[in-house]
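Everything on this sheet refers to the single structure shown next.
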Amino acid sequence: MTRKYLALTALLLAAGCSGGTPASPTPPASPPAAGPSATCCALGGMVTETSPTSSTIVAGATVTVVAGLDTGLVTTSDGAGQYLFARLQLGALTVRTSAAGYDDKLQTLTLTDDRSGFGFQLNPTAASVFEQFDDVVSDQDPVCASYEVATRLPCKSYVIALHSAGTVDAVLNWDDSIAVSSALALELVREPGTNQDDRIALNYVTQGNPNREQVIAAVPAGIYIVRVLYQRPLGPQAFILTMNHPR
Numbered sequence: 230m231t232r233k234y235l236a237l238t239a240l241l242l243a244a245g246c247s248g249g250t251p252a253s254p255t256p257p258a259s260p261p262a263a264g265p266s267a268t269c270c271a272l273g274g275m276v277t278e279t280s281p282t283s284s285t286i287v288a289g290a291t292v293t294v295v296a297g298l299d300t301g302l303v304t305t306s307d308g309a310g311q312y313l314f315a316r317l318q319l320g321a322l323t324v325r326t327s328a329a330g331y332d333d334k335l336q337t338l339t340l341t342d343d344r345s346g347f348g349f350q351l352n353p354t355a356a357s358v359f360e361q362f363d364d365v366v367s368d369q370d371p372v373c374a375s376y377e378v379a380t381r382l383p384c385k386s387y388v389i390a391l392h393s394a395g396t397v398d399a400v401l402n403w404d405d406s407i408a409v410s411s412a413l414a415l416e417l418v419r420e421p422g423t424n425q426d427d428r429i430a431l432n433y434v435t436q437g438n439p440n441r442e443q444v445i446a447a448v449p450a451g452i453y454i455v456r457v458l459y460q461r462p463l464g465p466q467a468f469i470l471t472m473n474h475p476r
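Our numbering puts the first residue of the sequence shown at 230, with every later residue one more than the last.
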C-alpha cells in the first residue's frame with residue numbers, strides 16, 4: 230500500500246469521526262423532593278378554671294388543634310386536668326379548648342421545642358347558681374376570724390367564687406324554740422374577711438319563731454364568704470341557708 234493511499238485513508242477516518250451525531254447533553258439534576266415538616270415537639274399541661282378559681286382543674290376538656298400543620302388532632306384532659314399531644318410539627322398552631330359548662334378558649338402559639346406545663350384556663354359560662362344548705366351550728370364550731378370583735382363567734386362558713394360581677398342574695402331560716410331569743414346572725418364578707426374593707430353586708434339578729442335573716446349585695450368578681458354566726462350557747466341550732474349568685 231502506498232503512502233498516498235494511507236494518508237487518504239487516515240483523512241477519511243478523521244472526517245467520519247468528527248462528522249457523527251454529537252452526544253446528548255446531560256440534563257441538570259432535579260432538586261430533591263420536599264420532605265414532610267419536622268416533627269419533634271410535645272405539648273402538654275393542665276386545664277383549669279380562670280381566676281379567682283385558677284387552681285380548680287377541668288377534667289374531660291377537649292383540646293383540639295384547629296389551625297396549623299396538625300389541624301384536626303384532638304386530646305382530652307384526664308382526671309387530674311392534664312392533657313398531652315405527644316408529637317406535633319414545628320411552627321404556629323391554634324388550639325381550641327372546650328368543656329361542658331365553660332366558654333370555649335382559642336389560643337395561638339409557636340412550637341420550637343417541647344412545651345410542658347402549657348396550661349389553658351376556661352371561664353365558666355355565665356349562669357345563676359342556686360345553693361341550699363341544711364346544717365347545724367353550735368358553740369363547738371370554729372370561731373370566725375371576722376373584722377368585728379362582736380362577731381368573733383362560732384360559725385359555719387360557705388365560700389362563693391364569682392367569675393363575673395353580680396348580686397349575692399343569701400337567706401337564712403331557722404326554727405327557734407325560744408321565741409324571744411336571738412340565736413343566729415348572717416354576714417357576707419370578701420375573702421379572707423379579716424379586714425374592715427372586707428365587709429360587704431351584715432344582717433344582725435332578729436327575734437321570733439321562725440327566724441329569718443337575709444343579706445343581699447351587688448359585688449364584683451372575686452371570692453366571698455357567707456357566714457352563719459352562732460350567738461347563744463343553748464345547744465346546737467339547725468338552720469337552712471339558701472343562696473343565689475352568679476358563677
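Glycine is no exception: its CB is placed at the ideal position from the N, C-alpha and C atoms.
Computed from a prediction, not measured in an experiment: that's the story for all the values here.
Cutoff 7 Å; reference residue i; Cβ partners in own chain excluding five residues on either side
i: residue 321; result: 297, 337 and 339
i: residue 490; result: Since the first residue of the chain shown is 230 and the last is 476, residue 490 is not available in this structure.
i: residue 304; result: 292, 312, 313 and 314
i: residue 278; result: 285, 287, 350, 351 and 353
C-alpha gap between residue i and residue j, whole angstroms
i: residue 423; j: residue 450; result: 19 Å
i: residue 397; j: residue 293; result: 36 Å
i: residue 306; j: residue 290; result: 5 Å
i: residue 187; j: residue 464; result: An answer regarding residue 187 cannot be provided, because it is not within the stretch 230 to 476 covered by the chain.
i: residue 275; j: residue 300; result: 21 Å
i: residue 454; j: residue 442; result: 16 Å
i: residue 295; j: residue 388; result: 37 Å
Buried or exposed (CB count within 10 angstroms, at least 16 for buried), residue i
i: residue 310; result: buried
i: residue 372; result: exposed
i: residue 412; result: buried
Cut-off 8 Å between Cβ atoms - residues of its own chain near residue i, not counting five sequence neighbours on either side
i: residue 341; result: 270 and 319
i: residue 359; result: 471, 472 and 473
i: residue 394; result: 447, 448, 449, 450 and 475
Residues of its chain near residue i, where Cβ-Cβ distance is below 6 Å and the 5 sequence neighbours each way are ignored
i: residue 456; result: 373, 384, 386 and 416
i: residue 367; result: 465
According to DSSP, residues forming a beta bridge with residue i
i: residue 311; result: 275
i: residue 415; result: 432 and 457
i: residue 448; result: 395
Expected contact under 8 Å - CB spacing of residue i and residue j to nearest Å
i: residue 418; j: residue 428; result: 6 Å
i: residue 382; j: residue 459; result: 6 Å
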